[in-house]
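Sequential numbering from 1 applies to the sequence shown in the UniProt record's numbering. Reviewing the structure listed below.
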Amino acid sequence: MAAALRATSSAISRAVTARTPPLMGGARWSSSSTWWGHVDPAPKDPILGVTEAFLADPSPNKVNVGVGAYRDDDGKPVVLNCVREAEARIAGNLNMEYLPMGGSNHMVEETLKLAYGEDSEFIKDKRIAAVQALSGTGACRLFADFQKRYQPESEIYIPVPTWANHHNIWRDANVSQKTYHYYHPESKGLDFSGMMDDIKNAPKGSFFLLHACAHNPTGDKGHFPFFDMAYQGFASGDPEKDAKAIRIFLQDGHLLGISQSFAKNMGLYGQRVGCLSVLCEDDKQAVAVKTRLQQIARPMYSNPPVHGALLVSIILSDPDLKNMWLKEVKVMADRIIGMRTALRENIEKLGSPLSWEHITKQIGMFCYSGLAPEQVDRLTSQFHIYLTRNGRISMAGVTTKNVEYLANAIHEVSKS
């Protein structure tokens, strides 16, 4: 039998080799060619590459303020107590069966309450098509593919600046992209007038990717708002307050989409657990949309992972664990807010002639510092401080131990 198998495999191998296709550009395969010889290395990811460079730096003074993950005041990753408790409850009782294509129904139900409200009429009326997704990236990608398939001529308007991966997600889904004003480089705050102009001038029925901000500029032109809510709880320390923008849109009668992630606010980075939801006209439409989302997911990843979904559903459905989580979210948010104040005060006491009030006016995990790419390069080359070249600082990487060093370095590169 083994000899027959070898003979069959050898015959198939010879037949395949004889019929190899042309290489990219029309070149024919030869004995000196390789299948992947024409593939060049991909450029480094602008965000993940920051951490790679940081890890390779032997300097004892190095600081990483590029990482998009929470760290404690010692710069170490944090596992929340509510997560440890939830894990203890499922230890030994977890099977490894597949979840449905739409994921854990229990997790999705609890997640929707965070975004739409505990007593949401939209949940009660079953008007929301929702599926578990592979964290925020997976939710955005699933929606981008859905948009392309069912609104093929539509465009997505993405804010400037935004998370760099947003462009990759919609590009790889073959959705046409345009940008809209969001950040004002002079005020280092929201460019509201520029944003409003771009929204008003966009073709009717465009899609707009929005971050959580408490205003509703998309109604007059019939645009479709899609919220990427990756940091619920991190802005104010209160997940309810951080959902205010979405609640305003709902009150104004919008249909909308939401990407939710538990990477940041529960520290479940490696579990890749999130949710995609689309508010529909009625329950019948919601069923249709959900089945189509599942259909798109089937050849993409088939079923989402189970472990993180169980943790989220247990934490959000148990009153004691949910209360513990809310307290821990506030502790994380308060530490970040405190580091904003400390960084601003330390820069100002050095006598900087520039205004740094934007550090404390902005909210959330990140601060758009206003530093130019050349200044960021100096921070890295002279002071071993690592961040993305657009000047975005992860406040989670700032600690009581490095804030003075960081402030001094920022002052040095910005004073001339």
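Where a beta carbon is used, it is the ideal one built from N, C-alpha and C, also for glycine.
task: With a threshold of 16 other CB atoms inside 10 Å of the CB of Pro239, please say whether the residue is buried or exposed.
output: Here residue 239 corresponds to residue number 239 of the sequence shown, with the count starting at 1. Buried: at least 16 other Cβ atoms inside 10 Å.
field: Best match in Asp320, Ser355 and Ala139 for proximity to Cys275 [C-alpha to C-alpha]
entry: Translated into the one-based positions of the sequence shown, residue 275 becomes position 275. The shortest C-alpha separation from Cys275 is found at Ala139.
message: With a threshold of 7 Å on Cβ separation, who are the neighbours of Thr380 within its own chain once the five nearest residues in sequence on each side are excluded?
response: To locate residue 380, count along the sequence shown from 1; it is residue 380. Excluding positions up to five away in sequence, the list reads Tyr386.
message: Give me the DSSP bridge partner(s) of Cys367.
response: Taking the sequence shown and counting its residues from 1, one reaches residue 367 at position 367. DSSP, once it has assigned bridges, lists Ile393 as partnering Cys367.
task: Flag this pair as touching only if the segment 133-152 and the segment 294-312 have three or more C-beta atom pairs under 8 Å; answer yes or no.
output: Yes, the segment 133-152 touches the segment 294-312.
query: Using the rule of at least 16 other Cβ atoms within 10 Å of the residue's Cβ for burial, across every protein chain shown, is Gly253 buried or exposed?
result: Position 253 of the sequence shown, counting from 1, holds the residue named residue 253. Exposure of Gly253 is indicated by the presence of fewer than 16 other C-beta atoms within 10 angstroms of its C-beta.
- prompt: Under a three-way DSSP split, which group does Ala15 fall into?
  reply: Sequence index remark: in the sequence shown, residue 15 carries index 15 (1-based). Three-state result, Ala15: helix.
message: So, does the segment 313-320 touch the segment 221-235, judging by three or more C-beta pairs under 8 Å?
response: Because the criterion of three Cβ pairs below 8 Å is not met, the segment 313-320 and the segment 221-235 do not touch.
- prompt: Where do the N-terminal and C-terminal ends of the beta strand (DSSP E) with Ala130 fall, by residue?
  reply: The sequence position of residue 130 within the sequence shown is 130, counting from 1. Ile128 to Ala133 is the span of the beta strand (DSSP E), which, as asked, contains Ala130.
query: Of the residues Gly270, Asn81, Gln132 and Phe122, which one's Cα is nearest the Cα of Ser104?
result: In the sequence shown, the residue the question calls residue 104 occupies position 104. Considering only alpha carbons, the answer is Gln132.
message: Buried or exposed, going by whether 16 or more other CB atoms sit within 10 Å of the CB of Asn265?
response: The residue labelled residue 265 in the question sits at position 265 within the sequence shown. Here Asn265 is buried, its C-beta having at least 16 other C-beta atoms within 10 Å.
task: With a 10 Å radius around its C-beta and 16 neighbouring C-beta atoms as the bar for buried, classify Trp36 as buried or exposed.
output: Counted from its first residue, the sequence shown places residue 36 at position 36. Trp36 sits exposed, since fewer than 16 C-beta atoms from the chains shown fall within 10 Å of its C-beta.
message: Check whether the segment 59-67 and the segment 307-315 are in contact - that is, three or more C-beta pairs closer than 8 Å.
response: Counting C-beta pairs closer than 8 Å gives fewer than three between the segment 59-67 and the segment 307-315, which falls short of the contact rule.
task: Could you tell me which of Ala333, Arg378 and His166 sits nearest to Thr360, measuring between CA atoms?
output: Counting from one through the sequence shown, the residue named residue 360 turns up at place 360. Minimum Cα distance to Thr360 is reached at Ala333.
task: Note down, one range per segment and in chain order, each beta strand (DSSP E) of at least 3 residues found wholly within the UniProt domain "Aminotransferase class I/classII large" (61-220).
output: Segments of the beta strand (DSSP E) lying fully in the UniProt domain "Aminotransferase class I/classII large" (61-220): 128-133, 155-160, 176-181 and 207-210.
- request: State the CB to CB distance for the pair Val278 and Ala129, rounded to an integer number of angstroms; the pair is presumed to be in contact (CB under 8 Å).
  value: Position 278 of the sequence shown, counting from 1, holds the residue named residue 278. Position 129 of the sequence shown, counting from 1, holds the residue named residue 129. So it is a contact: roughly 5 Å between Cβ atoms.
query: Taking the alpha helix (DSSP H) that Ser381 falls in, what are its first and last residues?
result: Here residue 381 refers to the residue found at position 381 of the sequence shown. Judged by DSSP secondary structure, Ser381 falls within the alpha helix (DSSP H) whose first and last residues are Pro373 to Phe383.
- prompt: For the ligand ATP, any of its heavy atoms closer than 7 Å to the Cβ of Val312?
  reply: With respect to small molecules bound, the structure shown includes none, and the ligand ATP cannot be examined in it.
query: Given a threshold of 16 other Cβ atoms within 10 Å of its Cβ, counted over all protein chains shown, does His38 qualify as buried or as exposed?
result: Sequence index remark: in the sequence shown, residue 38 carries index 38 (1-based). Note on His38: under 16 other CB atoms within 10 angstroms of its CB, so exposed under the neighbour-count rule.
message: I need the DSSP call for Tyr231, collapsed to helix, strand or coil.
response: For the purposes of this step, residue 231 is taken as the residue at position 231 of the sequence shown. Note: Tyr231 maps to coil in three-state DSSP.
field: Inter-residue spacing [alpha-carbon to alpha-carbon] between Met107 and Pro373
entry: For the purposes of this step, residue 107 is taken as residue 107 along the sequence shown, with counting starting at 1. For the purposes of this step, residue 373 is taken as residue 373 along the sequence shown, with counting starting at 1. Distance from the CA of Met107 to the CA of Pro373, rounded to the nearest whole angstrom, comes to 41 Å.
query: Is Leu354 helix, strand or coil by DSSP?
result: Walking along the sequence shown from the start, residue 354 turns up at place 354. When DSSP states are grouped into helix, strand and coil, Leu354 belongs to the coil group.
- request: Sort out for me which residues DSSP pairs Gln260 with in a bridge.
  value: Position 260 of the sequence shown, counting from 1, holds the residue named residue 260. DSSP output for Gln260 lists Met229 and Cys275 as bridge partner(s).
message: For a quick check, are the C-beta atoms of Gly267 and Val398 less than 8 Å apart?
response: Sequence index remark: in the sequence shown, residue 267 carries index 267 (1-based). Sequence index remark: in the sequence shown, residue 398 carries index 398 (1-based). No, these two residues do not count as a Cβ contact at 8 Å.
- prompt: With distances taken from CA atoms, which of Asn402, Leu112, Tyr231 and Asn95 is nearest Asp125?
  reply: Here residue 125 is taken as the residue at index 125 of the sequence shown, counted from 1. Minimum Cα distance to Asp125 is reached at Leu112.
message: Any contact between the segment 171-185 and the segment 143-159? By contact I mean 3 or more CB pairs, one from each, below 8 Å.
response: Contact between the segment 171-185 and the segment 143-159 is present, because at least three Cβ pairs lie under 8 Å.
query: Based on the DSSP secondary-structure assignment, which residues constitute the bridge partners of Thr386?
result: Numbered from 1 along the sequence shown, position 386 holds the residue referred to as residue 386. It is worth fixing the name first, because residue 386 is Tyr in this sequence and not Thr. According to DSSP, Tyr386 bridges with Asn64.
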